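Okay, structure first, notes after.
There are 2 protein chains.
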Amino acid sequence: MTIPIRVIIVDDQAMVRAGFAALLSAQSDIDVVGEAPDGRQGVEVSRSAHPDVVLMDVRMPEMDGLAAARELLDPPAGVVHRPKVLMLTTFDVDDYVYEALRAGASGFLLKDAPPADLISAVRVVAAGEALLAPSVTRRLIADFARQRPAPRKDPSLRLNGLTPRETEVLELIARGLSNQEIAGRLVLAEQTVKTHIGRILAKLGLRDRAQAVIFAYESGLVSPGS
Amino acid sequence: MTIPIRVIIVDDQAMVRAGFAALLSAQSDIDVVGEAPDGRQGVEVSRSAHPDVVLMDVRMPEMDGLAAARELLDPPAGVVHRPKVLMLTTFDVDDYVYEALRAGASGFLLKDAPPADLISAVRVVAAGEALLAPSVTRRLIADFARQRPAPRKDPSLRLNGLTPRETEVLELIARGLSNQEIAGRLVLAEQTVKTHIGRILAKLGLRDRAQAVIFAYESGLVSPGS
DNA sequence: CCCGACGTCATACCCAGGTACGACACGCCG
DNA sequence: CGGCGTGTCGTACCTGGGTATGACGTCGGG
Chain A
1 MTIPIRVIIV DDQAMVRAGF AALLSAQSDI DVVGEAPDGR QGVEVSRSAH PDVVLMDVRM
61 PEMDGLAAAR ELLDPPAGVV HRPKVLMLTT FDVDDYVYEA LRAGASGFLL KDAPPADLIS
121 AVRVVAAGEA LLAPSVTRRL IADFARQRPA PRKDPSLRLN GLTPRETEVL ELIARGLSNQ
181 EIAGRLVLAE QTVKTHIGRI LAKLGLRDRA QAVIFAYESG LVSPGS
Chain B
227 MTIPIRVIIV DDQAMVRAGF AALLSAQSDI DVVGEAPDGR QGVEVSRSAH PDVVLMDVRM
287 PEMDGLAAAR ELLDPPAGVV HRPKVLMLTT FDVDDYVYEA LRAGASGFLL KDAPPADLIS
347 AVRVVAAGEA LLAPSVTRRL IADFARQRPA PRKDPSLRLN GLTPRETEVL ELIARGLSNQ
407 EIAGRLVLAE QTVKTHIGRI LAKLGLRDRA QAVIFAYESG LVSPGS
């Protein structure tokens with residue numbers, strides 16, 4: 001650590017700011033180079049003091065921490081300085097967490113965490129890594145696991161009834177191709193495509209290609225964005 | 227902490243096991259109640275020693291940590307014991323991390339982490355929370371942010387052209403309803419539904435309802451599982 | 001007050017898509 | 001060998017869905 005980590009503290013409670021500042025300043029590798037009582041001023045201070053890390057409270061008057069974080073992490077044209085943002089909150093509220101992470105925050109800590117945690121969090125974040133409160137981590141993992149429990153297991157499961165060729169056709173349906181286009185792509189007669197589709201719909205208990213598209217998405221055969 | 231946290235250590239290197247055991251046993255609130263040199267034996271030991279937390283190395287002979295974790299976290303019928311699993315690895319490899327989290331692991335640490343981290347990780351995990359190595363956290367957050375940059379912004383963005391009523395119709399299309407069913411649901415003449423659909427397709431540059439379904443999923447208007 | 005956006009509906013037309021039935025070829029397996 | 005699953009294609013039929021055009025009522029804003 002040749003050069004210290006530059007930190008600013010944005011929180012509407014003066015006592016909290018003072019406490020954190022004292023705590024962090026006591027570290028030889030950390031400099032507190034600014035403070036602000038609300039999001040708007042926080043952004044300004046950050047722009048002029050160009051800190052490495054911004055400690056940002058979530059709930060604040062004037063401009064809340066979320067908006068301020070967004071402003072700092074996705075700055076308007078011309079602004080080159082992009083600090084790391086470490087969000088702080090008294091209670092952990094889901095929405096805030098997710099919004100902050102989406103905005104690009106590097107961490108999310110509860111204020112009741114041990115002081116040592118805050119200090120190490122600043123170091124971790126400054127190093128370009130990320131750190132979350134354990135309860136937040138748990139939730140994020142749960143969410144992650146829920147979203148993709150096994151992207152390639154569920155589909156093949158219910159897709160079992162379909163032959164490879166049928167699966168192939170189904171995927172093209174799910175891409176929005178017409179029967180004619182599918183026939184062209186697979187080098188088939190259009191009627192053959194119809195035959196396949198007929199069997200697909202029968203096997204899966206669907207009515208038309210629109211429902212087939214739904215099935216393809218719900219089963220994971222195709223996924224948004226892919 | 228009236229009753230200590232029961233921990234077992236699964237790692238193919240005896241020295242590592244010994245080191246961790248010594249480190250953890252020194253804590254008054256942690257008991258090391260078992261060890262195993264590979265995944266298969268790890269599962270067995272876990273079943274008999276019923277620990278609160280299983281420290282599991284990723285890379286192991288016989289049965290790797292991932293498979294063992296899956297076995298412990300999604301046990302066959304009849305097995306009631308479900309310990310928390312804390313994965314350990316020497317280097318951090320993406321795939322392993324995601325697989326482990328999907329399987330339901332409560333944490334993922336690098337072996338080069340400070341000893342204090344391991345100890346607190348055990349406590350955190352035992353408490354039902356989760357904890358990840360900072361580099362892993364960063365990656366998970368990045369992934370999270372990438373997956374859903376703003377689930378309710380992108381859609382409404384391109385959905386802008388659509389009127390509320392049209393959006394409503396589109397959603398029902400994406401649910402697989404026929405025009406007749408949509409008419410019934412919205413208390414409309416079938417022709418009105420057709421009119422709406424015609425406009426929807428024109429505005430979005432789509433050809434038929436199948437493509438409309440795709441659009442609904444891709445834009446986030448509807449999501450798999452919802 | 002008039003116009004534009006929105007929502008509603010009608011009449012008419014056409015075709016892609018889905019259904020029904022049958023047929024033939026190929027490869028695998030009991 | 002015989003049968004089954006799979007993939008291929010043909011003919012025939014029917015309907016749901018998409019297109020075209022026009023019309024009417026209601027709002028809200030300029």
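So the sequences go chain by chain: A and B. Under my numbering, think of the first position of the first sequence as 1, with each following residue one higher. Under my numbering, think of the first position of the second sequence as 227, with each following residue one higher. In this text, a Cβ means the ideal position worked out from N, Cα and C, and glycines have one as well. Just so it is clear, the structure is predicted and the values come from calculations on it, not from any experiment.
Spatial distance of T363 of chain B from G402 of chain B (CA atoms)
For the purposes of this step, residue 363 of chain B is taken as residue 137 along the second sequence, with counting starting at 1. For the purposes of this step, residue 402 of chain B is taken as residue 176 along the second sequence, with counting starting at 1. Put simply, the backbone Cα of T363 of chain B is about 39 Å away from that of G402 of chain B.
Bridge partners for L140 of chain A per DSSP, in chain order?
For the purposes of this step, residue 140 of chain A is taken as residue 140 along the first sequence, with counting starting at 1. Beta-bridge pairing links L140 of chain A to no other residue.
Compare the beta carbon distance of S46 of chain A and P75 of chain A with 7 Å and say whether it is the shorter of the two.
In the first sequence, counting from the first residue as 1, residue 46 of chain A sits at position 46. In the first sequence, counting from the first residue as 1, residue 75 of chain A sits at position 75. Their beta carbons are not under 7 Å apart, which means S46 of chain A does not touch P75 of chain A by this criterion.
Collapsed DSSP secondary structure at I8 of chain A in the structure displayed
Within the first sequence, residue 8 of chain A is the residue found at index 8, counting from 1. DSSP places I8 of chain A in strand when its eight states are reduced to three.
CA-to-CA distance, E407 of chain B to L204 of chain A, given in whole angstroms
Translated into the one-based positions of the first sequence, residue 204 of chain A becomes position 204. Translated into the one-based positions of the second sequence, residue 407 of chain B becomes position 181. Roughly 20 Å separates the two Cα atoms.
Ordered along the chain, which non-local residues of its own chain (more than five positions away) have a Cβ less than 8 Å from that of P224 of chain A?
For the purposes of this step, residue 224 of chain A is taken as the residue at position 224 of the first sequence. Excluding sequence neighbours, P224 of chain A sits near Y217.
Using 7 Å as the limit for Cβ to Cβ distance, is T137 of chain A near chain B?
The residue labelled residue 137 of chain A in the question sits at position 137 within the first sequence. Chain B, which has a Cβ nearer than 7 Å to the Cβ of T137 of chain A, makes this yes.
Strictly under 7 Å for the Cβ-Cβ distance: is P301 of chain B near chain A by that measure?
If you number the second sequence from 1, residue 301 of chain B lands on position 75. With 7 Å as the cut-off, P301 of chain B does not count as an interface residue toward chain A.
Of the residues B:R425, B:S251, B:L249 and B:P390, the one placed nearest L412 of chain B, counting alpha carbons only
Along the second sequence, one-based indexing puts residue 412 of chain B at 186. Of the candidates B:R425, B:S251, B:L249 and B:P390, the one whose C-alpha sits nearest the C-alpha of L412 of chain B is B:P390.
G330 of chain B: which of B:A262, B:F370, B:L299 and B:P263 sits nearest, CA to CA?
Along the second sequence, read from residue 1 onward, the residue named residue 330 of chain B stands at position 104. The shortest C-alpha separation from G330 of chain B is found at B:L299.
Taking the beta carbon of T228 of chain B as the centre, do at least 16 other beta carbons fall within 10 Å, making it buried, or is it exposed?
Within the second sequence, the letter at position 2 stands for residue 228 of chain B. So T228 of chain B ends up on the exposed side.
Under 7 Å from the C-beta of L469 of chain B: neighbouring residues of chain A:
The question about residue 469 of chain B has no answer here: the residues shown for chain B are numbered 227 through 452.
Around the Cβ of T316 of chain B, are there at least 16 other Cβ atoms within 10 angstroms (buried) or fewer (exposed)?
Mapped onto the second sequence, residue 316 of chain B falls at position 90. The residue is exposed, with fewer than 16 neighbouring Cβ atoms inside 10 Å.
Return yes when the Cβ of P61 of chain A is within less than 7 Å of the Cβ of D12 of chain A, no when it is not.
Numbered from its first residue, the first sequence carries residue 12 of chain A at position 12. Numbered from its first residue, the first sequence carries residue 61 of chain A at position 61. Between D12 of chain A and P61 of chain A, the gap from beta carbon to beta carbon is short of 7 Å.
For Y217 of chain A, three-class secondary structure by DSSP
Taking the first residue of the first sequence as 1, we reach residue 217 of chain A at position 217. Three-state result, Y217 of chain A: helix.
Check distances from the C-beta atoms of the region 159-181 of chain A to those of chain B and list, in chain order, the residues that come in under 8 Å.
Here the close residues are I173, A174, R175, G176 and S178.
Chain A contact for Q437 of chain B (CB, 7 Å cutoff)
Within the second sequence, the letter at position 211 stands for residue 437 of chain B. Judged by the 7 Å Cβ criterion, Q437 of chain B is in contact with chain A.
Is the beta carbon of A14 of chain A sitting closer than 7 Å to the one on G42 of chain A?
Sequence index remark: in the first sequence, residue 14 of chain A carries index 14 (1-based). Sequence index remark: in the first sequence, residue 42 of chain A carries index 42 (1-based). Contact: no.
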